[in-house]
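*Asks:* For reference, the structure I am asking about is given below.
There are 2 protein chains.
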Amino acid sequence: MSQDPLVIFTPSGKRGRFPVGTPVLTAARQLGVDLDSVCGGRGICSKCQITPSYGDFPKHGVHVAQDALSEWNKVEQRYDDIRGLKAGRRLGCQATVQRDVIIDVPPESQVHRQVVRKAASARVIEMDPATRLYYIEVQEPDMHEPTGDLERIARALKAQWDIEKISTDFSLLGKIQPILRKGAWKITVALHKTDENDIPRMIAAWPGLHEGGLFGLAIDLGSTTISAHLTNLDTGEVVASSGIMNPQIRFGEDLMSRVSYSMMNKGGDKEMTRAVRDALNTLTEEIAAEAGITAELILETVFVCNPVMHHLLLGIDPFELGQAPFALATSDSLNLTAAELGLTALPAAAQIYVLPCIAGHVGADAAAVTLSEEPGKSPDLALIVDVGTNAEILLGDTTRVLACSSPTGPAFEGAQISSGQRAAPGAIEAIRIDPTTKEPRFRVIGCDKWSDEDGFWEETAQTGITGICGSGIIEAVAEMRIAGVLDASGLIGSAEQTGTERCFSEGRTHSYLIHDATDQGGPRITVTMGDIRAIQLAKSALYAGARLLMDKRGVDKVDRVVMAGAFGAHISPLHAMVLGMIPDVPLDKVTNAGNAAGTGARIALCNLKARREIEKTVREITKIETAIEERFTEFFVAANAIPNAADPFPELSKIVTLPDVSFKSGGDDSTGGRRRRRRG
Amino acid sequence: MSQDPLVIFTPSGKRGRFPVGTPVLTAARQLGVDLDSVCGGRGICSKCQITPSYGDFPKHGVHVAQDALSEWNKVEQRYDDIRGLKAGRRLGCQATVQRDVIIDVPPESQVHRQVVRKAASARVIEMDPATRLYYIEVQEPDMHEPTGDLERIARALKAQWDIEKISTDFSLLGKIQPILRKGAWKITVALHKTDENDIPRMIAAWPGLHEGGLFGLAIDLGSTTISAHLTNLDTGEVVASSGIMNPQIRFGEDLMSRVSYSMMNKGGDKEMTRAVRDALNTLTEEIAAEAGITAELILETVFVCNPVMHHLLLGIDPFELGQAPFALATSDSLNLTAAELGLTALPAAAQIYVLPCIAGHVGADAAAVTLSEEPGKSPDLALIVDVGTNAEILLGDTTRVLACSSPTGPAFEGAQISSGQRAAPGAIEAIRIDPTTKEPRFRVIGCDKWSDEDGFWEETAQTGITGICGSGIIEAVAEMRIAGVLDASGLIGSAEQTGTERCFSEGRTHSYLIHDATDQGGPRITVTMGDIRAIQLAKSALYAGARLLMDKRGVDKVDRVVMAGAFGAHISPLHAMVLGMIPDVPLDKVTNAGNAAGTGARIALCNLKARREIEKTVREITKIETAIEERFTEFFVAANAIPNAADPFPELSKIVTLPDVSFKSGGDDSTGGRRRRRRG
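Chains A and B, in that order, give the protein sequences.
If you're matching positions, the first sequence starts at 1 in full-length UniProt numbering and goes up one per residue.
If you're matching positions, the second sequence starts at 1 in full-length UniProt numbering and goes up one per residue.
Rendered as structure tokens:
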């Protein structure tokens with residue numbers, strides 16, 4: 001019994017012997033156990049809650065007696081009376097070690113707790129926020145030893161938290177004195193670090209113990225929509241999500257139109273910068289209101305966006321991005337303040353982190369996808385395509401990661417498609433065509449039934465059948481190919497050639513009728529030759545980009561494909577492969593990552609180390625510029641065929657046999673050659 | 001002859017052997033010789049001019065042949081044709097070493113050149129500015145290796161100047177791309193360091209080689225006037241000086257009235273902050289115009305000011321400075337940007353340095369005096385008094401420095417004096433009273449003659465004799481004491497007691513008539529008992545502060561006295577000592593430092609190391625708060641007598657015998673006890 005009691009922490013397994021009477025928090029700190037505390041052990045913040053385990057633990061070789069920890073003291077009793085402690089819980093700073101004990105640190109008491117995001121893939125985010133709270137008790141001013149209030153705060157942080165040095169955001173200078181006096185010389189400060197070795201920067205302060213939490217915004221600033229997730233930086237929980245249209249749309253639908261707008265209109269870039277910042281301020285206010293918090297508590301914001309959005313957000317004229325060599329003003333990540341960016345809805349000192357851009361056409365959004373999907377950590381060769389108006393493409397494994405972007409255009413999102421529309425109730429999102437009868441059945445957004453199921457028409461009577469959205473058009477074209485009404489070159493057959501009246505003549509080409517709602521005052525939903533050509537252009541660009549990366553890597557197949565992007569999440573892997581959008585892989589090797597850019601933004605928001613990691617990764621990525629690669633054109637031309645004129649699709653052949661039809665008649669003069677190379 | 005040629009640099013004396021063909025600049029760099037270069041040795045900036053010496057130099061043991069350096073090359077020839085090189089000069093980056101040579105680096109080619117300020121004491125300022133220019137040639141963007149323009153600038157700085165890492169001011173992000181292209185990928189950047197080991201921050205950039213120079217403002221932000229010196233940061237030369245009234249005067253004449261204004265009026269502090277910043281913007285524009293430069297070139301500004309001005313400049317409510325314990329919001333030095341301070345006349349990225357405050361009443365102006373006068377480097381014990389509405393007092397030698405402030409009030413500046421006025425033409429600035437006849441003679445501002453000299457009245461007819469300024473009232477009171485019309489207690493004798501009709505009765509006290517200009521429609525200039533009391537209060541406060549520091553230091557005399565302050569420069573040392581304003585020392589040990597605070601600001605502007613030095617010194621200074629020191633009152637009461645009731649003035653006695661008169665009559669009821677303790 002001469003030995004000090006043994007203290008074992010779970011789940012870390014860290015253990016050590018401590019003198020009787022050592023507070024559990026002290027033991028945890030000495031062992032480097034991840035046990036949170038904001039008040040520094042004063043029994044007021046309750047962040048250090050732990051659960052002792054009692055009984056026999058053969059695995060650990062200890063018996064834990066009922067009196068292994070000190071009895072409840074007054075501080076714990078008062079805390080329990082006022083706030084309530086969960087059964088079995090103790091305050092780590094109050095309970096002291098008496099005998100051998102096993103102590104469990106529940107997830108909510110860990111600073112570096114892991115948060116599982118609610119998406120298909122179970123990506124885990126480890127909490128390691130850049131901004132943390134510190135409760136301190138500050139010495140009152142003394143005429144005998146006159147130092148500023150700020151300098152006494154710094155001294156308290158050194159004495160009570162062993163923080164050597166801090167800097168202070170200018171916006172706090174005028175606020176510190178009243179806060180200190182309101183809190184009777186007890187205050188909570190928020191310290192931000194851009195790096196582990198950085199001098200922490202004081203960016204907020206509250207009188208006494210601050211219990212209102214800290215929040216962060218992860219913002220995916222897209223050309224069309226701006227979406228934001230408001231995250232509790234303590235728990236990692238998303239407390240509100242919101243999105244608004246990017247008001248820059250009035251200056252141009254796609255990226256290049258916006259670059260043109262700034263070229264044609266003096267001060268046009270300034271107008272667009274103002275518009276997006278105003279929208280961000282509105283979004284911030286709305287999302288804070290939705291979560292029921294004050295925006296004053298939002299101290300971190302992370303941005304991911306394409307290069308043009310990146311420059312316009314930062315107030316940089318995107319002029320250079322509109323012409324070769326597509327030079328970015330800056331490609332590295334940026335640490336800024338809300339005051340610098342003019343984000344007035346946030347506190348002036350709120351910290352902004354913008355992910356690095358990979359290249360002139362491969363932006364911080366692609367970096368975010370890289371952070372989320374981690375191709376560089378994949379043992380097998382993964383192809384990641386973020387499908388949008390501009391597709392970002394990543395190819396990599398633990399050896400090397402390559403990246404490029406490809407100008408797919410808006411066809412995949414239902415734009416420039418005759419019956420195309422945005423994904424909204426009434427839009428056809430899935431379709432099947434019977435290979436024998438060539439008759440279609442479909443599903444529309446807002447109804448779970450297929451059109452040949454009972455009740456479909458009743459349930460869709462309200463919305464009607466209004467058009468085809470992005471995922472619908474991909475399925476339609478692929479199903480037409482499977483059913484043999486479309487040949488490999490992308491020609492729709494005539495009624496005679498296909499044996500169905502649904503194929504009808506329009507000028508010198510043919511179209512396929514999906515649904516005629518004109519009886520009900522609705523539209524006639526068809527797939528025209530023009531639609532096929534638009535989809536061919538888009539999918540050829542996407543495939544050629546992927547194929548170019550494979551060529552650079554010296555491979556002609558990949559092990560798996562990940563489809564990402566808000567829109568990518570809705571694409572049917574089988575149909576994408578029939579179309580030849582993505583390379584041939586076993587179907588179960590095609591997965592969907594959902595909004596991976598948004599996830600990457602959330603990871604960077606919650607974890608400081610992830611920021612350093614993605615900055616390093618981005619520097620190491622091999623950047624490929626499709627515009628100057630000769631083979632891109634070769635791959636593009638071959639990819640015009642459905643699925644492809646040059647590359648075999650053996651895995652696809654195992655599950656689908658595409659009819660060997662040809663509708664070449666000389667009646668079609670639209671070819672893939674007159675491709676408009678537009679970005680965005 | 002197998003040895004490499006010997007190269008000796010003067011004035012440093014550094015020497016070394018270098019292979020034939022080594023450029024002089026390269027040799028200088030390898031030896032650590034201070035030879036400037038902005039263009040990095042490309043022969044375009046001409047900063048590296050040197051002068052070779054030819055002939056025999058027995059002292060150095062070398063003979064320098066005429067062909068010791070290479071012949072003029074085309075670059076030098078072209079430079080000379082276009083700009084002209086001074087006779088004997090060479091470009092250090094072009095001339096190469098051929099034989100043993102002695103090379104003189106003229107002051108204008110040294111980065112750390114020494115600048116002698118044009119003041120009484122020959123204080124030398126070594127140039128070591130925080131912001132320096134670097135000319136670089138930047139790699140053009142390349143699609144094969146896409147990095148941002150900013151990242152390629154950083155790479156050029158690493159390759160061409162061995163600068164490891166930079167940060168970039170946010171305001172430059174949008175400017176870099178057009179500048180790079182305008183300069184055809186050649187640019188000059190200004191890098192700022194707050195510290196020698198700091199990561200340099202890019203704060204300005206120009207296309208090609210920037211030859212417009214860099215400028216800095218040293219600003220002494222006083223309660224009454226704001227004065228600024230615009231300095232060329234390359235040469236250290238003051239190119240323009242300007243001053244304007246502090247517009248905060250409309251909120252209160254002295255410091256405490258301004259603190260009261262902010263207490264009484266919600267948002268009052270904000271109003272005063274806005275007023276002073278507006279004035280600084282006006283001053284900046286005026287001084288730039290006076291020097292014929294654009295304010296875009298002013299990249300550094302240093303502020304010295306008292307604590308209330310300090311807080312109002314920074315946007316901090318000075319509320320706490322109005323009451324014990326006079327807590328400063330922050331006392332340390334500050335590094336800010338013009339954008340943060342709202343100094344819109346300066347470039348947004350212009351760097352602001354604010355000197356540290358010593359204590360709640362001893363501000364950054366006192367720190368600047370410390371930097372300029374260096375009491376901590378004085379081998380003998382020096383007392384430094386910065387005389388103003390509030391006096392800052394420093395006592396120190398190499399052992400230790402003590403500081404306090406004392407509320408002298410405005411009497412020394414001629415305010416609250418019956419015939420007092422600001423120092424302006426027509427004001428009496430010097431006076432002598434004949435001890436026998438008790439008749440005065442005087443000099444006024446705007447005329448070099450004494451009033452008893454021929455031509456005085458003609459020359460002053462224009463201005464008239466309008467009043468007494470600060471230095472005049474000090475001399476008047478001291479001369480009255482020497483002439484025996486005033487006794488040691490501060491009573492003016494009657495006509496009978498003094499034997500002169502110039503002493504006349506006013507109510508129950510007497511006054512002394514200096515000049516009656518009523519015949520000419522001017523005023524009757526007198527010194528009243530009230531004036532004597534006001535001066536007694538002021539000088540007692542000043543002396544008591546000094547005496548308190550001496551007491552704390554355990555001495556009853558000092559070795560020398562330095563009078564500083566715009567007003568201090570005009571005070572006659574003899575009269576100050578007769579009055580008992582300053583302690584007794586041999587008269588030749590009283591010197592005048594002029595505007596030492598302004599000089600301190602200029603030193604901090606020109607020399608980065610000086611900033612670190614004063615920050616360290618300020619931390620080490622022993623701060624004394626007169627308000628809580630019991631002996632202050634004791635010293636104050638004793639100092640009411642002229643020169644002093646308790647302390648002997650043996651040195652003064654050697655040169656002046658003060659008449660042993662006493663005019664005590666019971667007719668005077670004004671005493672030193674009813675002292676108003678006002679700061680400011």
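Glycine included, each C-beta is placed from N, C-alpha and C at the ideal position.
Kindly say whether Gln177 of chain A, judged by its beta-carbon, lies nearer than 7 Å to any beta-carbon of chain B.
*Replies:* Stepping through the first sequence from its first residue, residue 177 of chain A is reached at position 177. Closer than 7 Å to some Cβ of chain B, the Cβ of Gln177 of chain A qualifies, so yes.
*Asks:* Return the residues of the region 327-348 of chain B that lie within a Cβ-Cβ distance of less than 7 Å from chain A, sorted by chain order.
*Replies:* Cβ contacts with chain A come from Ala327, Leu328, Ala329, Thr330, Ser331, Asp332, Leu336, Glu340.
*Asks:* Check each residue of the region 358-373 of chain B: if its Cβ is closer than 7 Å to any Cβ of chain A, include it; give the result in chain order.
*Replies:* Under the 7 Å Cβ criterion, the region 358-373 of chain B contributes Ala359, Gly360.
*Asks:* I'd like to check one pair, Gly493 of chain B with Gln536 of chain B: are the Cβ atoms closer than 7 Å?
*Replies:* Here the question's residue 536 of chain B lines up with position 536 in the second sequence. Here the question's residue 493 of chain B lines up with position 493 in the second sequence. No, these two residues do not count as a Cβ contact at 7 Å.
*Asks:* Report the three-state DSSP secondary structure of Pro200 of chain B (helix, strand or coil).
*Replies:* Taking the second sequence and counting its residues from 1, one reaches residue 200 of chain B at position 200. Of the three classes helix, strand and coil, the one that applies to Pro200 of chain B here is coil, per DSSP.
*Asks:* Under 7 Å, Cβ to Cβ, is there at least one residue of chain B near Ile628 of chain A?
*Replies:* Taking the first sequence and counting its residues from 1, the one referred to as residue 628 of chain A is at position 628. It does; some Cβ of chain B falls within 7 Å.
*Asks:* Go to Arg560 of chain B, then tell me how far its beta strand (DSSP E) extends in each direction, as first and last residue.
*Replies:* Residue mapping note: residue 560 of chain B aligns to position 560 of the second sequence, counting from 1. Counting along the chain, the beta strand (DSSP E) containing Arg560 of chain B begins and ends at 560-564.
*Asks:* Rounded to whole angstroms, what is the Cα-Cα separation between Leu341 of chain A and Thr330 of chain A?
*Replies:* Residue 341 of chain A sits at position 341 when you count from the first residue of the first sequence. Residue 330 of chain A sits at position 330 when you count from the first residue of the first sequence. The straight-line gap from Cα to Cα measures roughly 16 Å.
*Asks:* To the nearest angstrom, how far is the alpha carbon of Ile179 of chain A from that of Ala350 of chain A?
*Replies:* Residue numbering aside, residue 179 of chain A sits at position 179 when the first sequence is read from its first letter. Residue numbering aside, residue 350 of chain A sits at position 350 when the first sequence is read from its first letter. Their Cα atoms are separated by approximately 18 Å.
*Asks:* Below 8 Å on C-beta distance, what does Ile8 of chain A contact in chain B?
*Replies:* Translated into positions along the first sequence, residue 8 of chain A becomes position 8. None at all; the shortest Cβ gap to chain B is about 44 Å.
*Asks:* How long is the line joining the alpha carbons of Ile482 of chain A and Glu373 of chain A, rounded to whole angstroms?
*Replies:* As a working mapping, residue 482 of chain A is identified with position 482 in the first sequence. As a working mapping, residue 373 of chain A is identified with position 373 in the first sequence. Cα to Cα, the separation comes out at about 32 Å.
*Asks:* Counting only beta-carbon separations shorter than 7 Å, does Pro650 of chain A have a partner in chain B?
*Replies:* As a first step, residue 650 of chain A is located in the first sequence; it is residue number 650 there, counting from the start. By this cut-off, Pro650 of chain A is not an interface position.
*Asks:* Using a Cβ-Cβ cut-off of 8 Å (strictly less than) and excluding sequence neighbours within five positions of Leu579 of chain B, which residues of its own chain qualify?
*Replies:* In the second sequence, the residue the question calls residue 579 of chain B occupies position 579. The residues are Ile474, Val477, Ala478, Arg481, Ile535, Lys539, Ile642, Pro643.
*Asks:* Is Pro523 of chain A helix, strand or coil when you go by DSSP?
*Replies:* Locating residue 523 of chain A in the first sequence gives position 523, where the first residue counts as 1. Three-state result, Pro523 of chain A: coil.
*Asks:* Please report the Cβ distance between Pro52 of chain B and Val101 of chain B, rounded to the nearest whole angstrom; I am assuming they are in contact, meaning their Cβ atoms lie under 8 Å.
*Replies:* Walking along the second sequence from the start, residue 52 of chain B turns up at place 52. Walking along the second sequence from the start, residue 101 of chain B turns up at place 101. The Cβ separation is near 6 Å, so the contact holds.
*Asks:* Label His112 of chain A either buried or exposed according to how many other C-beta atoms from any shown protein chain fall within 10 Å of its C-beta, with 16 as the threshold for buried.
*Replies:* Mapped onto the first sequence, residue 112 of chain A falls at position 112. It counts as exposed.
*Asks:* How about residue 682 of chain B and Asn390 of chain B: are their beta carbons less than 7 Å apart?
*Replies:* This structure cannot speak to residue 682 of chain B, because chain B is shown only from 1 to 680.
*Asks:* Are the region 617-628 of chain A and the region 244-264 of chain A in contact at 8 Å, needing three or more beta carbon pairs?
*Replies:* Judged by Cβ distances under 8 Å, the region 617-628 of chain A makes no contact with the region 244-264 of chain A, as fewer than three pairs qualify.
*Asks:* Starting from the beta carbon of Leu147 of chain A, find every residue of chain B whose beta carbon is closer than 7 Å, and list them in chain order.
*Replies:* Residue numbering aside, residue 147 of chain A sits at position 147 when the first sequence is read from its first letter. The amino acid occupying residue 147 of chain A in the given sequence is Thr; Leu does not appear at that position. The answer, in chain order, is Ser331.
*Asks:* For the alpha helix (DSSP H) containing Lys158 of chain B, name the first residue and the last one.
*Replies:* Along the second sequence, read from residue 1 onward, the residue named residue 158 of chain B stands at position 158. Residues 149-161.
*Asks:* Would you mind working out which of B:Asn335, B:Val354, B:Asp195, B:Asp269 sits nearest Asn306 of chain B, comparing C-alpha positions?
*Replies:* Along the second sequence, one-based indexing puts residue 306 of chain B at 306. The shortest Cα separation from Asn306 of chain B among B:Asn335, B:Val354, B:Asp195, B:Asp269 belongs to B:Val354.
*Asks:* Roughly how far, in whole angstroms, is the beta-carbon of Cys469 of chain A from the beta-carbon of Thr231 of chain A, given that I think they are within contact range, below 8 Å?
*Replies:* The residue given as residue 469 of chain A occupies position 469 in the first sequence. The residue given as residue 231 of chain A occupies position 231 in the first sequence. Cys469 of chain A to Thr231 of chain A, Cβ: 30 Å. No contact.
*Asks:* Between Glu151 of chain A and Asp317 of chain B, is the Cβ-Cβ spacing less than 7 Å?
*Replies:* If you number the first sequence from 1, residue 151 of chain A lands on position 151. If you number the second sequence from 1, residue 317 of chain B lands on position 317. Cβ atoms of Glu151 of chain A and Asp317 of chain B: not closer than 7 Å.
*Asks:* Put Met245 of chain B into one of helix, strand or coil per three-state DSSP.
*Replies:* Position 245 of the second sequence, counted from the start, is the residue given in the question as residue 245 of chain B. Residue state, collapsed to three classes: strand.
*Asks:* Check each candidate in B:Gly484, B:Lys589, B:Glu629, B:Arg42 and name the one with the smallest Cα separation from Asp660 of chain B.
*Replies:* Walking along the second sequence from the start, residue 660 of chain B turns up at place 660. Checked all of B:Gly484, B:Lys589, B:Glu629, B:Arg42; the closest Cα to Asp660 of chain B is B:Gly484.
*Asks:* Pop quiz: Pro435 of chain B and Val401 of chain B are said to be a contact at Cβ under 8 Å. What is the actual Cβ separation, rounded to whole angstroms?
*Replies:* Taking the second sequence and counting its residues from 1, one reaches residue 435 of chain B at position 435. Taking the second sequence and counting its residues from 1, one reaches residue 401 of chain B at position 401. At roughly 40 Å, the Cβ-Cβ gap does not stay under 8 Å, so Pro435 of chain B and Val401 of chain B are not in contact.
*Asks:* Is it true that the CB of Pro407 of chain B sits closer than 7 Å to the CB of Ala541 of chain B?
*Replies:* Along the second sequence, one-based indexing puts residue 541 of chain B at 541. Along the second sequence, one-based indexing puts residue 407 of chain B at 407. For Ala541 of chain B and Pro407 of chain B, yes; Cβs fall inside 7 Å.
*Asks:* Going by the DSSP bridge assignment, what does Lys623 of chain A pair with across the sheet?
*Replies:* Reading the first sequence from its first residue, position 623 is the one you call residue 623 of chain A. Per DSSP, A:Ala403.
*Asks:* Measure the beta-carbon distance from Phe636 of chain A to Asp487 of chain A and round it to whole angstroms, keeping in mind my assumption that it falls under 8 Å.
*Replies:* What you label residue 636 of chain A is simply residue 636 of the first sequence in a count that begins at 1. What you label residue 487 of chain A is simply residue 487 of the first sequence in a count that begins at 1. Not confirmed; about 19 Å, so no contact.
*Asks:* Give the residues from the region 306-321 of chain A that approach chain B closer than 8 Å (Cβ to any Cβ), ordered along the chain.
*Replies:* Here the close residues are Leu314, Gly315, Ile316, Asp317, Phe319, Glu320.
*Asks:* Counting only Cβ pairs nearer than 7 Å, list the residues of chain B close to Asp142 of chain A.
*Replies:* Residue 142 of chain A sits at position 142 when you count from the first residue of the first sequence. By Cβ distance, chain B contributes Pro325.
*Asks:* Give, in chain order, every unbroken run of the beta strand (DSSP E) that is at least 3 residues long and sits entirely within the region 437-494 of chain A.
*Replies:* Complete beta strand (DSSP E) runs here, min 3: 440-444.
*Asks:* Is the beta carbon of Met143 of chain B sitting closer than 7 Å to the one on Ile628 of chain A?
*Replies:* Along the second sequence, read from residue 1 onward, the residue named residue 143 of chain B stands at position 143. Along the first sequence, read from residue 1 onward, the residue named residue 628 of chain A stands at position 628. Yes.
*Asks:* For a cutoff of 7 Å on Cβ pairs, would you count residue 683 of chain B as touching chain A?
*Replies:* The question about residue 683 of chain B has no answer, for chain B in this structure spans 1 to 680.
*Asks:* So is Met264 of chain B buried or exposed if we call it buried at 16+ other beta carbons inside 10 Å?
*Replies:* Translated into the one-based positions of the second sequence, residue 264 of chain B becomes position 264. Counting Cβ neighbours within 10 Å, Met264 of chain B comes out exposed, since fewer than 16 surround it.
*Asks:* Mind checking Ile78 of chain A: buried by the 16 CB within 10 Å criterion, or exposed?
*Replies:* For the purposes of this step, residue 78 of chain A is taken as the residue at position 78 of the first sequence. According to the sequence provided, residue 78 of chain A is Arg. The question's Ile does not apply to it. The residue in question, Arg78 of chain A, is exposed, as its Cβ has fewer than 16 Cβ neighbours within 10 Å.
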